[in-house]
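S.K.: Chain order of the listed sequences is A and B.
Counting with the working numbering, you get residues 21 to 241 for the letters of the first sequence.
Counting with the working numbering, you get residues 471 to 1053 for the letters of the second sequence.
Backbone N, C-alpha and C fix where the C-beta goes; we use that ideal spot for every residue, glycine too.
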Amino acid sequence: MKRREFLTIPAAALGGTLLYTLAREPFRLQAQDGTVKVPLRFFTAAEARVIGAACERIFPSDANGPGAKEAGVVIYIDRQLAGPYGADKYRYTKGPFVDSYPEHGYQGKENPRETYHQGIIQLGSDFAELPVEAQIQKLQSMEKTHFFQLLRAHTVEGMFSDPMHGGNVGLIGWQLIGYPGPRMSYKEDVDQHFGAAWRPKPASLEQIMRRPAKPWEDEKA
Amino acid sequence: MTNLKPVDVAIVGGGWTGLAMAKELVSRTSLNVLALERGKPQSIADYAMDMDELDYNIRLRMMQNIAEETVTHRHSARDAAVPVRQYGSFHPGTGVGGAGEHWTGMCFRFLPDVFTLRTHLTEKHGAARLPADLAVKDWGVTYDQLEPHYWYAEQMMGVSGKAGNLRGKLIDGGNIFESPRSHEYPTPPLKHSYASHLFEEATRQLGYHPYPTPAANLSENYTNPDGVTRPACAYCGYCSRFGCMIGAKSQPTNTLMPVLRKHKSFQLRTGSWVRRIVHENGRATGVQFTDANGEEFFQPAETVVLASFTLNNSRLLYLSKIGTPYDPAAGKGTLGRNLTHQVEGGIRIFFDKPLNAFMGAGSLGRRISDFDGDHGLTGSDGLLRYGMLSLNGNGDLPIGAFGAIPPGSTKSNWGAEWKAASLQWHDRVAQLNMYGEHMAYRQNYIDLDPTYTDKFGDPLLRFTLDWTDHEHKQREFAYELAAKIAPAMGAKIDPTRPSRARYNVINYQSTHIQGGVVMGATPDASVVNPYLQHWDVPNLWVIGASSFPQTASGNPTLTVLALTFWAADAMIDKYLKHPGRLV
Chain A
21 MKRREFLTIP AAALGGTLLY TLAREPFRLQ AQDGTVKVPL RFFTAAEARV
71 IGAACERIFP SDANGPGAKE AGVVIYIDRQ LAGPYGADKY RYTKGPFVDS
121 YPEHGYQGKE NPRETYHQGI IQLGSDFAEL PVEAQIQKLQ SMEKTHFFQL
171 LRAHTVEGMF SDPMHGGNVG LIGWQLIGYP GPRMSYKEDV DQHFGAAWRP
221 KPASLEQIMR RPAKPWEDEK A
Chain B
471 MTNLKPVDVA IVGGGWTGLA MAKELVSRTS LNVLALERGK PQSIADYAMD
521 MDELDYNIRL RMMQNIAEET VTHRHSARDA AVPVRQYGSF HPGTGVGGAG
571 EHWTGMCFRF LPDVFTLRTH LTEKHGAARL PADLAVKDWG VTYDQLEPHY
621 WYAEQMMGVS GKAGNLRGKL IDGGNIFESP RSHEYPTPPL KHSYASHLFE
671 EATRQLGYHP YPTPAANLSE NYTNPDGVTR PACAYCGYCS RFGCMIGAKS
721 QPTNTLMPVL RKHKSFQLRT GSWVRRIVHE NGRATGVQFT DANGEEFFQP
771 AETVVLASFT LNNSRLLYLS KIGTPYDPAA GKGTLGRNLT HQVEGGIRIF
821 FDKPLNAFMG AGSLGRRISD FDGDHGLTGS DGLLRYGMLS LNGNGDLPIG
871 AFGAIPPGST KSNWGAEWKA ASLQWHDRVA QLNMYGEHMA YRQNYIDLDP
921 TYTDKFGDPL LRFTLDWTDH EHKQREFAYE LAAKIAPAMG AKIDPTRPSR
971 ARYNVINYQS THIQGGVVMG ATPDASVVNP YLQHWDVPNL WVIGASSFPQ
1021 TASGNPTLTV LALTFWAADA MIDKYLKHPG RLV
């Protein structure tokens, strides 16, 4: 039986908004040292640190606003990989596996879990400790790989998907771009506000509907 | 294999066509009708919690499970085909309602000349000037014959729009290039967005004739002739790839199922995967299916209606060994011929103002048909048919919309510089969408794959399809048109001109892949007759966009429904009285 692993994050990095979003899973707020321990479903703590650092280079926290670290993107990816998506439950995986034209997309046998394991090895166990410039160079050297393309797509997904999936903590991604979240109606607004930004305060699906959602990653893989 | 009690009519597929046919049969006859659907039950109550871009728009939670069955693709008969391992250039739905649950809701009537395209092109250009590999055909049915059925389908859904040609009278503000309509639309046009208003003003200023996209999203509360009442659209933006949580978007579950549920003579069996149409001596005897537990059944039936997704109609006929497979080299055989995929594509345009594009509805927007069919084309440059250009406001969602920046703005598509540019351009990007006719060619067709199989071990369908010079010309024409319209809207067009890229199975194009079981006036060049009755097996009817000999520029659903009602009339008024070949 696998030992339960946790990702320890400084609470300050998450802007104090983590409590609500991660309420779906038991977690501990260590008041004494100001850290949050999030139970991991797929990664080891060491792997999560490597992926977390790589996501932060793809979508950095900077003067333009929060990034992958504050949004909890690595937690999002961890849950996706643990779920049916990570196991390729909904991809056609019968052989033979043959190389084909780019117009036929990814034809490989590896599922996203295996691709991440290979990618983590390629990034190196000390990736999170490398200087930022060295991290960027390393990722640039991997840009063409299937792993990097998944990682880049997953980072954007973790920034802007509904917080039920573990990322976009405290709706931080939606606040960044002014997306109000799912709403029942824009009947009075769809043909108004022409030429001016209209940015209602964001809310998540569970906040709007007032009941728990069933994200696909919670289905048995 | 368990033998079940016989039914009068067994329908394969519980989507738009199967349930529409069922509704006509149980409302107008005393026959008992069974629909077999391989997916699960679905209803409005299931859709309230699906406003989630990740699971529904990106992971495609409403689509058929591609792990169980997919298709294989190759660009030409010289290539080896490989499976489409993930969606995909089209999105087959599953469950009750099928793709009619997650569709966008655009409702076009086709132009009269689409139905007689072979005759039309030959008369206009001369046979010698048409491409040698052109396989377009006349349908064996005309627009005038279908008009009452179009109107019937529009009323069933409550289509919103504005007529531009009412019994020959042209009306400003509607589509003056459309086929003549006998009635105004059942409901008025939807409200529309900022970008759509800019498109309307710009195209009018340029001398074109913008009109509201006809939409199956209700613009006001509506009760249809069957007595089904549904509410007006709320413009939430969760339309395409989602089920509508309030029932404003017409779906089989909110228009047909409320009627069907009232009839004891109708039965719907979900989790039932039809794998063969059983036949002997030129008659279908029933269908063989496997249920969700893997148990096998034989369902005897007097009449079988094959009404599954376009491609699966062809596949089931192949697997059941019904009809003559098409051989493109010899130009013989009919099953699998005339495969087409509506030519769609988006051209990005960039604004210096925010658009609030997160609000919208599937078919919200304006479009022009000034170059639909061959209006405004000479054909001298080899462009025989074009289509429409539109601005759609179906609601931008945050993951998909992020990162749309003018090409060349940043060196990389990740990192600090890319993030800054993406934030700067966010909500300042729209698309001009082209909708082109895809003519049929001899080399584009469907057969069975020799290597890959589904979860039962049955061969997958293989499609052989690539773009020809004509589709590239259509895309280039659309770009030139967009390049005129964008500046008039105060926007800058993406300078990336259309590449002459090959058919791509990964980038979503539209779910409007068509043909394979085409209709026609004679059995030598079609699989079903003009009433959608199989030429060789008269108690088998095959309905859906599989019957289209070529695509029009418009999305197919409304025409699919009109043809279904046309076929239902023939079956009920003629065939059931004197079972046998109607032609």
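(1) For His1048 of chain B, count neighbouring C-beta atoms within 10 Å of its own C-beta (all shown protein chains included) and say buried if the count is 16 or more, exposed if not.
(2) Tyr664 of chain B and Phe214 of chain A - do their beta-carbons sit closer together than 8 angstroms?
(3) What residues are listed by DSSP as bridge partners for Pro553 of chain B?
(4) Hey, how far is the Cα of Gly232 of chain A from the Cα of Glu226 of chain A?
(5) Could you tell me whether the Cβ of Lys791 of chain B comes closer than 8 angstroms to any Cβ of chain A?
(6) Hey, how far is the Cα of Ala890 of chain B from the Cα of Ala551 of chain B?
(7) Contact criterion: CB-CB distance below 8 angstroms. Does Lys661 of chain B meet it with respect to chain A?
(8) If you draw a straight line from the C-alpha of Ile29 of chain A to the C-alpha of Glu177 of chain A, how long is it?
(9) Short of 9 angstroms Cβ to Cβ, which residues in the region 203 to 225 of chain A face chain B?
(10) In the DSSP output, what is Pro59 of chain A paired with across the bridge?
(11) Cutting at 8 angstroms between CB atoms, please list the residues of its own chain near His590 of chain B, excluding the five before and the five after it.
(12) What would DSSP say about Arg529 of chain B, mapped onto helix, strand or coil?
(13) With Met858 of chain B as the anchor, note down where its beta strand (DSSP E) starts and where it stops.
(14) Is there a Cβ of chain B sitting closer than 8 angstroms to that of Met21 of chain A, yes or no?
(15) Below 7 angstroms on C-beta distance, what does Ser181 of chain A contact in chain B?
(16) For Pro1049 of chain B, write down the residues that DSSP places opposite it in a beta bridge.
(17) Would you mind working out which of B:Gly1024, B:His545, B:Gln556, B:Gly865 sits nearest Glu539 of chain B, comparing C-alpha positions?
(18) Determine, using beta carbons only, whether Pro200 of chain A and Pro220 of chain A come nearer to each other than 8 angstroms.
(19) Leu577 of chain B by DSSP, collapsed to three states: which one?
(20) According to the neighbour-count rule (16 or more other Cβ atoms, all chains shown, within 10 Å of its Cβ), is Pro1000 of chain B buried or exposed?
(21) Closest by CA to Ile1013 of chain B, which one among B:Gly575, B:Val998, B:Met471?
(22) Thinking C-beta only, is Met989 of chain B closer than 8 angstroms to Pro1019 of chain B?
(23) Of all Cβ atoms in chain B, is any one closer than 8 angstroms to the Cβ of Thr135 of chain A?
(24) So who's on the other strand from Thr780 of chain B, going by DSSP bridges?
(25) Just confirm the distance between the C-beta atoms of Arg99 of chain A and His185 of chain A, as a whole number of angstroms; I'd bet it's less than 8 angstroms.
(26) Residues in the region 70 to 84 of chain A with C-beta within 8 angstroms of chain B's C-beta atoms, listed in sequence order?
(27) Taking 8 angstroms as the CB-CB limit, is Thr693 of chain B close to chain A?
(28) Given 8 angstroms as the limit, is there contact between the region 864 to 872 of chain B and the region 935 to 947 of chain B, that is, 3 or more CB pairs closer than that?
(29) For Leu930 of chain B, which option in A:Lys114, A:Ala107, A:Gly103, A:Arg77 has the closest C-alpha, if you only look at C-alpha atoms?
(30) Which residues in the same chain have their Cβ closer than 7 angstroms to the Cβ of Leu143 of chain A, if we skip the five residues on either side of it in sequence?
(31) For Asp82 of chain A, count neighbouring C-beta atoms within 10 Å of its own C-beta (all shown protein chains included) and say buried if the count is 16 or more, exposed if not.
(32) So what does DSSP say about Met21 of chain A, is it helix, strand or coil?
(33) Name the chain A residues whose beta carbon is nearer than 9 angstroms to that of His900 of chain B?
(34) For the structure I just gave you, are there three or more beta carbon pairs, one from the region 732 to 739 of chain B and one from the region 706 to 714 of chain B, closer than 8 angstroms?
(35) Determine, using beta carbons only, whether Thr113 of chain A comes closer than 8 angstroms to chain B.
(36) Return yes when the Cβ of Leu581 of chain B is within less than 8 angstroms of the Cβ of Asp608 of chain B, no when it is not.
M.R.: Well, looking at it:
(1) exposed
(2) yes
(3) B:Thr542
(4) Note on residue identity: the sequence assigns Pro, not Gly, to residue 232 of chain A. Cα-Cα distance, rounded: 6 angstroms.
(5) no
(6) 42 angstroms
(7) yes
(8) 20 angstroms
(9) Arg203, Met204, Ser205, Tyr206, Lys207, Asp209, Val210, Asp211, Gln212, His213, Phe214, Gly215, Ala216, Ala217, Trp218, Arg219, Leu225
(10) A:Phe26
(11) Asp583
(12) coil
(13) 857 to 862
(14) The pLDDT assigned to Met21 of chain A is 46, lower than 50, so where the model puts this residue is not dependable, and the model offers no usable value.
(15) Glu523, Leu524, Ile869
(16) According to DSSP, which records beta bridges pairwise, Pro1049 of chain B is partnered with nothing at all.
(17) B:Gln556
(18) yes
(19) The sequence given here has Cys at residue 577 of chain B, not Leu. Coil, per DSSP.
(20) buried
(21) B:Val998
(22) yes
(23) no
(24) In the DSSP output, where bridge partners are listed per residue, Thr780 of chain B has none listed.
(25) 6 angstroms
(26) Arg77, Ile78, Phe79, Pro80, Asp82, Asn84
(27) no
(28) no
(29) A:Lys114
(30) Val70, Ala74, Lys158
(31) exposed
(32) At Met21 of chain A, the pLDDT of 46 sits below 50, so the modelled position is not reliable; the number obtained from the coordinates is stated separately. Reduced to three states, the DSSP call for Met21 of chain A is coil.
(33) In the sequence as presented, His is not what sits at residue 900 of chain B; that position holds Ala. What Ala900 of chain B touches in chain A: nothing, since even the nearest Cβ is about 13 angstroms away.
(34) no
(35) yes
(36) no
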